[in-house]
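Student: Before we start, here is the structure in question, set down as structure tokens.
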Amino acid sequence: MSAFWARLIRCPPARRGSLILVIVTFIALAAPVLVPTDPWKVEPEARLLPPMSRSIAVTGAHPTLHVLGTDSVGRDVLSRLMYGSRVSLTVGFTAMVLSALFGSLLGLVSGYFGGIVEALTGWLIDVQLSFPFLLLAIFLLGALGGGTAAVILILALATWVNYARIVRAQTLSIKNQGYVEAAHATGAGVGRVLFVHILPNTLAPVCVVASFSMAQAILTEAGLSFLGVGLDPSTPSWGTMLNDGRDYLLTAWWISTMPGIAIGFTVLGVMSLGEGLRELLDPRGAS
Amino acid sequence: MLSFTLGKLLRALSVLLGVSFLTFMVGHASGDPVRLIARGDATEQQKAELRHSLGLDRPVLEQYRVYVTHALHGDLGVSYRQHVEVTDLIALRLPSSLELAGAAFVMAILLGFALGVACVVYRNGILDQALAGLSVLAQVVPGFWLGLVLVLLFAVHWRILPVSGSGDLAHLVLPAVTLALPILGRMTRLVRAGMLEVLQSDYIRAARAKGLTERQVLLGHAARNALLPVITQAGLELGDLVGSAFIIETVFAWPGLGRMTVNAVLQRDFLVVQGAVLVIAAAFVLINLAVDLLYAVVDPRVRSQ
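Below, the structure is given as structure tokens:
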């Protein structure tokens, strides 16, 4: 295992990706200490201030420096960006874990048992891939209400297919191998064979899929919140900030450009790590 | 071939039924439309009558059956908000959407192929590296955010293109480019990788040995064989394109199906949303079906799978 980490760190895209993710995670964890001002504090007299300007909240007090400016109700953009990293990472990560669990389980079971389970899974995958899921997501969230939990669930539903397909393919090729037969012969039950002997051997490609689907989840959350059907508008997420700045694009460019840069930085980290993992785990595709 | 076609047809039908049922149930669960339609001073009696005349007091499955039967006859109901036939609304907005999506798709595929080939011809040159950077950028930021930045640069800062809306060709440029950029980036990388792989093969060595110039080898022999993955990828990109068009149309106030649907969602006019989702799903299922059958005609190996 430690050899794996050493190889990972030597791989340039993985190194870049990990570095970026460490920085973003650090900001997310330390946000309460790092933020220059309270990200929820509304200051009507300091609204739409451009980057690097100062505002005086209380007359006679020390002026607050707004490094990245303020938004339409006078909240500090930098502080909200820092708190936004918490939301984006949590939403992206939870959605990724949920869909990995659901998709892998379905892939494992359908690959191992075949028959009706496989046919049903195949049909579900077909349904999902046969039309743009974002459309259904907008409809579901708009009709039944948004909020963090609903968005996470929708994002998980959007990406489970990738896991199901890859785990199913892996299971099909593993289940006929000697060591699985040996496990059967020594009296291991179906559950033990599935979770101890087969599932761990599908983990490598699952990790690669996971990083790309987490990137996709972060981007989709931004899109949904931007449209106004995603997270609650008061939540300081990068998507809701993009939505906030939409009406002020022509007068206050910084409100919606800054969260985009934050998203780009984070997604670059996640994707680079995924690329590094792919190079490590699949030497053929490395070139 | 007959059983293959039948199987695909059955699958397409079941997908359509699944999607229509799901959208109908979501619309049904979203709340009582009578609250939207009835005037504030309507009595319970009047509301009940309205509910009855709209068939909303019947069992859900019965309502679904009626909805599907009507849909098959080209009737998707009347918008609760705008009091216009949903099919008319869709027909009004569809051409704009097709115009935008078509422009973006053609631009992404053709330009992506040309630029991918150019990257191989001038390997590791400025163009190659700039495109590599651009394609990474287009993958890691939301597509609509690129659109916002393009608006800031071209419409606000340099004032050479309109901010939003539709009309002449100038209005089409920014939304189409925004929609095309992520696909263009992926296409370029795909063509580049495909050509570099093809360049390793024996027939390329043969072509070189024959004394062809490097340009003839690249454009005449290698580029042609890098076309196949482009066609496959192009089909996959279509779903992505329609999905992101929903957001891009909203950003640029483009009067298409996407913006109409998003607005209808925000106004809780769900009969319109239901109809739009159903029409788009049907179009997708039909396109997929046609592609599957076309593949089977071209490549007999597919049929036996």
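These protein sequences, in sequence, are chains A and B.
The C-terminal position of the first sequence is numbered 498 in the working numbering, with every residue numbered one higher than the one before it.
The C-terminal position of the second sequence is numbered 329 in the working numbering, with every residue numbered one higher than the one before it.
Cβ atoms here follow ideal geometry from the backbone N, Cα and C, with glycine treated the same way.
Just to make sure I have the definition right: I need the residues of chain A whose C-beta is within less than 9 angstroms of the C-beta of B:Gln-224. Which are they?
Tutor: None at all; the shortest Cβ gap to chain A is about 10 angstroms.
Student: Give me the subset of the stretch 449-464 of chain A whose CB atoms are less than 7 angstroms from a CB atom of chain B, sorted by chain position.
Tutor: Leu-453, Leu-460, Leu-461, Trp-464
Student: So for B:Leu-317, helix, strand or coil by DSSP?
Tutor: helix
Student: Compute the Euclidean distance between the alpha carbons of B:Met-25 and B:Arg-327, then round it to the nearest angstrom.
Tutor: 6 angstroms
Student: Which stretch, first to last residue, makes up the alpha helix (DSSP H) that contains A:Ser-283?
Tutor: It is not in any alpha helix (DSSP H) - A:Ser-283 carries neither H nor E in the DSSP assignment.
Student: Mind checking whether A:Val-235 and A:Thr-446 have CB atoms under 7 angstroms apart?
Tutor: no
Student: From A:Met-307 to B:Asp-226, what distance separates their C-alpha atoms?
Tutor: 43 angstroms
Student: Report the residues of the stretch 324-338 of chain A with a CB closer than 8 angstroms to any CB of chain B, ordered along the chain.
Tutor: Cβ proximity to chain B below 8 angstroms picks out Trp-334, Asp-337, Val-338 from the stretch 324-338 of chain A.
Student: Does any C-beta atom of chain B lie closer than 7 angstroms to the C-beta of A:Leu-300?
Tutor: no
Student: If B:Ser-54 sits next to B:Phe-294, beta carbons under 8 angstroms apart, how far is it from one beta carbon to the other, in whole angstroms?
Tutor: 5 angstroms
Student: So, do the stretch 373-393 of chain A and the stretch 64-80 of chain B have three or more beta carbon pairs nearer to each other than 8 angstroms?
Tutor: Segments in contact, no.
Student: With DSSP collapsed to three states, give me the class of A:Leu-442.
Tutor: If DSSP states are grouped into helix, strand and coil, A:Leu-442 belongs with coil.
Student: May I ask you to report which of helix, strand or coil DSSP gives A:Ser-299?
Tutor: helix
Student: Along the chain, where does the beta strand (DSSP E) that runs through A:Ser-264 open and close?
Tutor: Segment 264-266, the beta strand (DSSP E) holding A:Ser-264.
Student: Could you pull out every residue in the same chain whose Cβ sits closer than 8 angstroms to the Cβ of B:Val-102, ignoring the five residues on either side in sequence?
Tutor: Val-108, Glu-109, Val-110, Leu-295
Student: From which residue to which residue does the alpha helix (DSSP H) around B:Arg-213 run?
Tutor: 193-222
Student: What residues from chain B crowd round A:Val-440, counting only those whose CB sits closer than 7 angstroms?
Tutor: Val-289
Student: Measure the C-alpha to C-alpha separation of A:Ser-498 and B:Thr-93 and round it to an integer number of angstroms.
Tutor: Residue placement at A:Ser-498 cannot be trusted, given a pLDDT of 38 that sits under 50; what the coordinates show is reported in the next sentence. Distance between the alpha carbons of A:Ser-498 and B:Thr-93 is about 54 angstroms.
Student: Counting beta carbon pairs with one atom in the stretch 267-286 of chain B and one in the stretch 112-131 of chain B, are three or more of them shorter than 8 angstroms?
Tutor: yes
Student: Counting only Cβ pairs nearer than 7 angstroms, list the residues of chain B close to A:Ala-433.
Tutor: Pro-166
Student: Closer than 6 angstroms to a non-hydrogen atom of the ligand PLP - does that hold for the CB of A:Ala-348?
Tutor: As far as ligands go, the structure on display features none, and thus does not contain the ligand PLP.
Student: Spell out whether any CB of chain B is found under 7 angstroms from the CB atom of A:Val-233.
Tutor: no
Student: With three or more beta-carbon pairs closer than 8 angstroms as the criterion, would you say the stretch 276-289 of chain A touches the stretch 450-466 of chain A?
Tutor: In short, these stretches touch, since the Cβ pair count reaches three.
Student: Rounded to a whole number of angstroms, what is the C-alpha to C-alpha distance between A:Arg-221 and B:Arg-239?
Tutor: 38 angstroms
Student: Is there at least one Cβ from chain B nearer than 7 angstroms to A:Pro-343's Cβ?
Tutor: Residue-level contact check: A:Pro-343 touches chain B, since one or more beta carbons of chain B fall below 7 angstroms from its beta carbon.
Student: Compare the Cα-Cα distances from B:Val-297 to each of B:Gln-106, B:Leu-203, B:Ala-194 and report the closest residue.
Tutor: B:Gln-106
Student: Helix, strand or coil: how does DSSP classify A:Thr-397 here?
Tutor: coil
Student: Along chain B, which residues have their Cβ under 8 angstroms away from the Cβ of A:Thr-382?
Tutor: Correct list: empty, because the minimum Cβ distance to chain B is about 19 angstroms.
Student: Shorter than 7 angstroms from the beta carbon of A:Ser-436 to some beta carbon of chain B?
Tutor: no
Student: Tell me the residue span of the alpha helix (DSSP H) that contains A:Trp-449.
Tutor: 449-457
Student: For a contact defined as C-beta to C-beta under 8 angstroms, what are the partners of A:Gly-357 on chain B?
Tutor: Going along chain B, no residue has its Cβ under 8 angstroms from A:Gly-357, so there is no contact; the nearest lies around 11 angstroms.
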